[in-house]
Each structure stands twice: as C-alpha cells, then as structure tokens.
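Before any comments, here is the structure.
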Amino acid sequence: MSNTNIRIAVQKSGRLSDDSLKLFKECGIKFESGGSKLRSISSNFPIEFLFLRDDDIPGYVEDGVADLGVIGLNVLEENKKDVEIVKELGFSKCRLSLAIPRNEIYTDLSYFEGKSIATSYPNLTNNFLKSQGVNAHTHEISGSVEIAPSIGLAEGICDIVSTGGTLLSNGLKEVAEVFKSQAVLISNKSLSPDKKILLDKLTFRIDSVQRGQNAKYVVLNAEEKNLDKIIALLPGMKSPSRVPLAENGWYSLHSVISENDFWEIIESLREAGAQGILVLPIEKMIL
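Residue 6 in UniProt numbering sits at position 6 of the sequence shown; the count goes up by one each step and never skips.
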C-alpha cells in the first residue's frame, strides 16, 4: 500500500474557503483548520491541505507544489494557468459584471466605447469587450473597485457580483454580465498513478455528497388502486421500493426525487392519491 499523500490548495479565508472545507468534512475527511494554520494533514485520508491566497492557487497547482486546488473559475480564467479542471463544485456561484453609476443612462455595450473601466479582472474584461467589438480602457486595481467611479478613476467597473447589494450601496447599477463563475476542483496535469488513484477516491466522495445535496428521500402511503399511477410519477434510483402496510390494500412507497423537480412531483403525487408524504434530506448517495 502506498504512503503517498495528495496535496490540495484551498483559499485560506473567506466564503470560498468555508464552502470548500465544509465539502471536505462532509466527505468524511478529518483535519484541523482555522487561525493562522497554513498546512493541515488529514488523520483519516491521505491528503494534505495548504491554505493559500486564492490568486496563488492556480500557479501552485501548475508548478506541482500542490496536486489539486479549489478555486473560483473567474480566478482560474483570469490567470490562465496550464491546469486541468476536474469538476465543477456547484458552490460559491457569482458573476463578473459591468456596472456604472446609478444615474447614468445605459442602452447597450456601446456605452463603454472609449471609456475607462476599473477592475481586478483585466483579462476577462478586455476579452469580453473585444468579443463585443467595444474599445475601452481598463485600470487594474486590486481592491475597492466600487469606489472608482465616485473618485474619478474610471467611468465604470467590472467586478464580482453575488447579490448586487455592494453595488447598490456604492451608487452603482449592474448593466451587463461578463462571466459566470463557481468553485472548481483543478489538478496538476502530471499526477503520478498513485495520486490519480487518490483523486478518483476523492471525486467519488464528492460526487456522493453532491448527489445527496441535490435529492430528497420520499416516503408515502398509497392505496393499492392508486399504485400504478403513483409509481409512474416516482423516478427513484432504479424503481420505488414498495412495502405492504398493516392495513390491507395499502402500501408504503420509498423513492428519491431530484431537488429541481421536487415540488412539481409532490403536487402530482397528492393529486394521484398519495397520503402521509414524508420528505427527508439525504446526506450521501452512492450509485
């Protein structure tokens, strides 16, 4: 058995860090984090965590200092490092958007022609504007992008937006989406065979957790005369489980429903005669 550990770089603080560490703990991986700790070795899985600045993670993975990394797709695309995207993780979703002062009249992207835009993402911003045939000037700044128009540094900004509240509080309005982002798991392109095996084991755990997050376990009671039409509504992992109840002519049905289709299916089940519907969260789902 190999003594190889796989190293994964994770943002050391912030929302992306919190969501990443939560995912790994849900995968059953035990490790210490928090405070000024920069490294942590799991006690029950051959993985070592490196806690780094998000901008540094793609470079560390490309150079092989870290084997894997969790990073926002926006940071990865801005830095353009030669790494492999293993999978999308589905959390820390946001968008890179253009914004202008709230009292400005905006019609389309031609508004930005010849204007200056403050951003921490000059490559993504310039590529988007060029693809739309717009010539604008970008000012690269590392923080407090929202203040740029009010101090005369730029006429607009291009920055990460989650809810839009920060823009509103700074007198700005979102006018065009440049790039959609979420957390992704990235890998060095030259992993050893042993580390590829560990990566497969890790992604298996992540897949199981994600499937559980996107599904609900449903238990319901149904009269025998309604079974066929109710079963037709239940997708299940293969087919619903059917258990006879103590009362003659009644059955308990067990199944799994996708979160996306949940309410539509539940309403249809009620109309088809389902009773006593019990809905439970799923921690993990192994296929």
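Each residue gets a CB set at the ideal place from its N, CA and C atoms; glycine is no exception.
Predicted model, so just to flag it, every value in this text is computed and none were measured.
Euclidean distance between Cα positions of residue i and residue j
i	j	result
Arg242	Glu224	11 Å
Leu16	Pro244	47 Å
Pro151	Ser144	One point to set straight first is that residue 151 is Ile, not Pro, in the sequence displayed. So the alpha carbons of these two residues sit roughly 11 Å apart.
Ile206	Glu113	44 Å
Ile85	Val184	7 Å
Lys37	Asn44	19 Å
Gly156	Thr163	18 Å
Ile282	Gln132	44 Å
Residues near residue i in its chain [Cβ-Cβ closer than 6 Å; skip 5 each side]
i	result
Ser192	none
Pro149	Pro101
Glu62	Lys81, Asp82 and Val83
Asn188	Val61, Gly64 and Asp67
Met1	Unreliable placement is indicated for Met1, whose pLDDT of 39 sits below 50; the coordinate value is still reported in the next sentence. Contacts found: none.
Asn123	Glu78
residue 291	The first residue shown for the chain is 1 and the last is 287, placing residue 291 beyond what the model contains.
Whole-Å CB distance - residue i paired with residue j, under 8 Å assumed
i	j	result
Ile186	Leu280	About 34 Å; that fails the 8 Å criterion.
Ala154	Ala118	4 Å
Thr4	Lys195	6 Å
Gly90	Gln182	6 Å
Ile141	Ser120	6 Å
Run of the beta strand (DSSP E) containing residue i, from where it starts to where it stops
i	result
Gly59	No beta strand (DSSP E) contains Gly59, which is instead part of the alpha helix (DSSP H) from Ile57 to Asp63.
Thr119	Ser116 to Thr119
Ala176	Leu172 to Ser181
Own chain residues within Cβ distance below 8 Å of residue i, not counting five before or after
i	result
Val161	Cys94, Arg95, Leu96, Ser97, Ala99, Leu167 and Glu174
Val134	Leu109, Ser110, Phe112 and Glu113
Asp54	Gln11, Gly14, Leu16, Ile71, Gly72 and Val75
Proximal residues to residue i (C-beta, below 7 Å), its chain only, five neighbours per side dropped
i	result
Val209	Leu23, Glu26, Cys27 and Lys284
Gly276	Leu220 and Asn221
Pro46	Thr4, Asn5, Ile6 and Leu198
Limits of the unbroken alpha helix (DSSP H) element including residue i
i	result
Asp159	Note, Asp159: premise wrong, no alpha helix (DSSP H); beta strand (DSSP E) at Gly156 to Val161.
Gln213	Pro193 to Gln213
Gly165	Gly165 to Ser169
Ile282	Where Ile282 is concerned, there is no enclosing alpha helix (DSSP H), given that its DSSP letter is neither H nor E.
Would you call the segment 246 to 264 in contact with the segment 204 to 218, where contact means no fewer than 3 C-beta pairs closer than 8 Å? Yes, they touch.
Can you find at least 3 beta carbon pairs, one from the segment 98 to 118 and one from the segment 169 to 184, that sit closer than 8 Å? yes
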